[in-house]
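>
Residue numbers (the working numbering): 280 to 366.
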């Protein structure tokens with residue numbers, strides 16, 4: 280796990296040098312995404328519990344839903360002055 284984290288950091292640091300609006304937004308919201316993502320992961324897994332789908336498909340659905348909702352919620356929360364000041 281630690282090795283893969285270091286590998287991802289190294290790869291993106293060397294290969295993804297350009298910045299754009301999406302990367303800037305992701306960077307600005309990263310900590311809040313980290314704080315709120317678990318709620319969306321649990322909710323989406325619970326909603327998919329009774330569906331008979333392949334595990335890979337469930338993973339992809341949970342991944343996309345949790346990233347999208349976490350990013351949206353964190354960007355809205357950062358508009359609140361109190362939260363922006365401390366996070």
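Ideal placement from N, C-alpha and C gives every residue a C-beta, glycine not left out. Treat the numbers as computed from the prediction; the structure is a model and nothing was measured.
So, at 7 Å on beta carbons, what are the nonlocal neighbours of residue 363 in its own chain, with the 5 sequence-adjacent residues on each side left out?
For the purposes of this step, residue 363 is taken as residue 84 along the chain shown, with counting starting at 1. Contacts found: 357.
> Measuring CB to CB, does residue 344 end up less than 8 Å from residue 319?
Locating residue 344 in the chain shown gives position 65, where the first residue counts as 1. Locating residue 319 in the chain shown gives position 40, where the first residue counts as 1. A contact, by the Cβ cut-off of 8 Å.
> Taking residue 321 as the reference, which of 332, 331, 337 has the closest Cα?
The residue given as residue 321 occupies position 42 in the chain shown. The candidate whose alpha carbon is nearest that of residue 321 is 337.
> On the three-state DSSP scale, how would you describe residue 284?
Looking up residue 284 in the chain shown gives position 5. Residue state, collapsed to three classes: helix.
> If you follow the alpha helix (DSSP H) that residue 308 is in, where does it begin and where does it stop?
For the purposes of this step, residue 308 is taken as the residue at position 29 of the chain shown. Element bounds for residue 308: 300 to 326.
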